[in-house]
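Q: The number in full-length UniProt numbering is simply the position in the sequence shown, starting from 1, with 18 added.
First the structure, which I've put down as structure tokens, then a few questions once you've had a look.
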Amino acid sequence: RAPHSLPSLYALRERQEKIAMLTCYDASMATLMDEAGVDILLIGDSLGMVLQGHSSTLPVTIEDVAYHTACVARGNKTAWVLADMPWGSYHESPAQAYANAAKLMAAGAHMVKIEGGAWVAPTIEFLTQRGVPVCAHIGLTPQYVHLLGGYRLQGKNEGDAQRLQAEALTLQQAGANMLLFELIPAPLAASITAQLHIPTIGIGAGPDCSGQVLVIQDILGIFPGKKARFVKNYLAGRDSIQAAVRAYVDEVKSGVYPAPEHSFGVVSKG
Ligand code: KIV
Ligand code: NA
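Okay, structure coming up:
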């Protein structure tokens, strides 16, 4: 396949082909995922938990993400490379965000991801005007775990749902090129996706997003600890990581994943 670009990702949304994203932190997995048809490789700050063993994403630094982004970029040929802006790397000012985003772009990122609501709109505007594509991340934003009181479903009541809906529009207006929702009710993700013209990616957000993302350690069943409801083990019953990643891509593309049991607020069919 030809290397992905923003237009090729938008074309997937246009023809209603689901976008398959996975987290990726090293060159070997980047090559494997690229060859398996993963559209977007996310160097997530989840690396703080799954690689570094921390109990949250807060200790991750811009140097950590830049290092793993460079590793992924060397192994990748055609996937879109998305790198997380970690805790403390964009919160002070748009200028601070630009200086740190520039490190990730120099390491090989094609786009950066920023957690936060309407307050990040000026930062998104600043970055996109200066040539840094941005994916906004709303709903459960793990960097804000201490304010949110845990890793729990967001947008459950009418007021919160309306706030998320308004935030999504504000962030698109500010120039966000993609929007990721984590842990929000499926009907809310569907309604926001229908309102926007940019692609949306969900994790624990139901089937009606433009694409899906999961953490690679979760789909291989190798992350110790409590398994989130939206996680599915793709290595179970298969004999290679290649086969597991291919099965994930197939199930995202065909809409088999996520099923109602992986989502919240879905009336189960049948
Ligand atoms: O850091 C990460 O892996 C993420 C995804 C779970 C969306 O942000
Ligand atoms: Na993240």
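Glycine included, each C-beta is placed from N, C-alpha and C at the ideal position.
1) Starting from the N-terminal end, write out each residue whose C-beta falls within a distance shorter than 5 angstroms of any non-hydrogen atom of the ligand NA.
2) Roughly how many angstroms lie between the CA atoms of Ser258 and Thr188, to the nearest whole one?
3) My assumption, with CB atoms under 8 angstroms, is that Gly157 sits in contact with Ala223. Please give the rounded CB distance.
4) Taking its Cβ as the centre, do 16 or more other Cβ atoms sit within 10 Å of Val274, making it buried, or is it exposed?
5) What residue ranges within the stretch 45 to 100 form continuous beta strand (DSSP E) runs of no fewer than 3 residues, ordered along the chain?
6) Which residue's Cα is closest to the Cα of residue 290: Thr218, Val150 and Met196?
7) So what does DSSP say about Asp102, is it helix, strand or coil?
8) Tell me whether Gly71 is buried or exposed, calling it buried when 16 or more other Cβ atoms sit within 10 Å of its Cβ.
9) On the premise that Ala97 lies in contact with Leu50, defined as a C-beta separation below 8 angstroms, what is that separation, rounded to the nearest angstrom?
10) Taking only three categories from DSSP, how would you classify Ile240?
11) Excluding the five sequence neighbours on either side, which residues of its own chain have a C-beta within less than 8 angstroms of the C-beta of Asp265, listed in chain order?
12) Going residue by residue through the stretch 200 to 280, where are the continuous beta strand (DSSP E) segments of at least 3 residues, counting only ones entirely within it?
A: A quick look at the data gives this:
1) Gly62, Asp63 and Asp102
2) Counting from one through the sequence shown, the residue named residue 258 turns up at place 240. Counting from one through the sequence shown, the residue named residue 188 turns up at place 170. Cα to Cα, Ser258 sits roughly 43 angstroms from Thr188.
3) Position 139 of the sequence shown, counted from the start, is the residue given in the question as residue 157. Position 205 of the sequence shown, counted from the start, is the residue given in the question as residue 223. About 7 angstroms; that satisfies the 8 angstroms criterion.
4) Position 256 of the sequence shown, counted from the start, is the residue given in the question as residue 274. Exposed, because fewer than 16 other Cβ atoms sit within 10 Å of the Cβ of Val274.
5) The beta strand (DSSP E) runs of length 3 or more contained entirely in the stretch 45 to 100 are, from start to end of the chain, 58 to 61.
6) Here the chain comprises residues numbered 19 to 288, so residue 290 is not present and cannot be evaluated.
7) Position 84 of the sequence shown, counting from 1, holds the residue named residue 102. DSSP places Asp102 in strand when its eight states are reduced to three.
8) Residue mapping note: residue 71 aligns to position 53 of the sequence shown, counting from 1. Under this definition Gly71 is an exposed residue.
9) Taking the sequence shown and counting its residues from 1, the one referred to as residue 50 is at position 32. Taking the sequence shown and counting its residues from 1, the one referred to as residue 97 is at position 79. Rounded, the Cβ-Cβ distance is 11 angstroms, inconsistent with contact.
10) Taking the sequence shown and counting its residues from 1, the one referred to as residue 240 is at position 222. Here Ile240 sits in coil by DSSP.
11) Indexing the sequence shown from 1 puts residue 265 at position 247. Checking the sequence, you will find Ala at residue 265 rather than Asp. Correct list, in chain order: Tyr252 and Arg256.
12) Taking 3 residues as the minimum length, the beta strand (DSSP E) runs contained wholly in the stretch 200 to 280 are 218 to 221 and 229 to 232, in order along the chain.
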